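Accompanying notes for the structure given below.
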Ligand code: GDP
Ligand code: IMO
Ligand code: MG
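Numbering (my numbering), first residue to last: 40 to 475.
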């Protein structure tokens, strides 16, 4: 497929890094289109796990050009560090292209992210505190600083002066935080601009030219459908367009040029941070009890469900087909990759949520009102498991136990989206292709 958009179909951490790395060999360009270093995408390199936060996961292939599109928010210090980490691992980053239109995460964005969360108190979102929300706020408020502004010290200083006249009083008087001078930010950021200058490019033109000359492009989404600013569980979302539509606005490649939209979904569901989660199996430490708490702990332990970016324990729950159907629609998914199927070998039986119930009403579609989602009770189907059968060595669909195949086919039927890829372990080769 000349151009494929890959998106998370749940609340992030579905295994986008693994699947991007797996299929990136078929593409000439791998492009991040939204989010920033709130993302944590794991790829396996030899016997090491590498966490990528800003660099597209296609960087692992020498022929694939990694591109950071205009829709991404870039913390230059993080990017420079990540490039150094990759170079030290023997992974060259020389091909990287960064959009001149991408917005820059400034020091005050990180301060304001933490301060906003404190202000929200018990309503806090549980952000990654990387400055993502405040940076996108400035972008939409038309007072953001873009990568291209780093190229000209005079312009950078002028913009900073203007923006600090507003930010400093907010930092100091509302939040009691320290303020910034133009000089101290220049001292920190201008050296980054000198390092990153050779990589800055007109990426929309680059990508459109590439498509015209028959090259293939993979758009690598970060976060997931339910963290999308428009389609997610607002306000418990991130501040960008994580759904497939974001690939067009976040890169300058028109929607008519996109051929395939591959959703990544776990064989169960996880979530980091606050907000509603109907199939959550609440841990004992969070007030849960009984078999549900035990099952939640099992998913967390067997699936190693700890955040790549913040190290936080991920909330865990059974697969939710209402979400699967919704993700299929709002992204226009052509197919999905089902990941971490091996983790379910820990269970005698496996539940799948097929609909919600709230105040006597059944919801087959994702509920319009957030309050319904908060109080939704999952309606489950219970399927037989394949307990203790190790499926991590299976390499064809036919090798999977009959109950595993029945589970995959049940999910396909319940969500209405075909499964093209099945992942049974973190390594590239622990994957089965049903169709390519
Ligand atoms: P991303 O943010 O969507 O890229 O996902 P993360 O990298 O944050 O989290 C996924 C985690 O699951 C990583 O530690 C992967 O190495 C791991 N992983 C991916 N696919 C599989 C799988 O099929 N089975 C198992 N057991 N682990 C997997
Ligand atoms: P990847 O790409 C899971 C969550 C945070 C928080 C909310 C808002 O690895 O799947 P933010 O810092 O973005 O303002 O936080 O979004 N979040 C993620 N959860 N995976 C991610 O990225 C996430 N990026 C942000 O936990 O609930
Ligand atoms: Mg992640």
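C-beta atoms are modelled at their ideal positions from N, C-alpha and C, and glycine is treated no differently.
This structure is a prediction, so every number in the text was calculated from the model and none was measured.
Helix, strand or coil at residue i according to DSSP, with G and I counted as helix
i	result
residue 395	strand
residue 78	coil
residue 53	coil
residue 68	strand
residue 383	helix
residue 144	coil
residue 83	strand
Near ligand 1: residue i beta-carbon under 8 Å from a heavy atom
i	result
residue 52	yes
residue 465	yes
residue 271	no
residue 47	yes
residue 379	yes
residue 88	yes
Residue i versus residue j - alpha carbon distance
i	j	result
residue 370	residue 282	6 Å
residue 117	residue 146	12 Å
residue 205	residue 183	12 Å
residue 287	residue 332	41 Å
residue 209	residue 154	11 Å
residue 328	residue 222	55 Å
residue 423	residue 387	7 Å
residue 102	residue 251	18 Å
residue 434	residue 260	26 Å
residue 284	residue 362	18 Å
residue 149	residue 171	8 Å
residue 409	residue 50	16 Å
residue 238	residue 107	10 Å
residue 105	residue 201	33 Å
residue 192	residue 167	30 Å
residue 69	residue 391	33 Å
Beta-carbon gap between residue i and residue j smaller than 9 Å
i	j	result
residue 380	residue 462	yes
residue 367	residue 455	yes
residue 74	residue 279	yes
residue 157	residue 214	yes
residue 258	residue 431	no
residue 266	residue 47	yes
residue 289	residue 320	no
residue 185	residue 317	no
residue 326	residue 275	no
Any non-hydrogen atom of ligand 2 closer than 8 Å to residue i Cβ
i	result
residue 169	yes
residue 280	no
Residue i: CB within 8 Å of a non-hydrogen atom of ligand 3
i	result
residue 165	no
residue 218	no
residue 56	yes
residue 343	no
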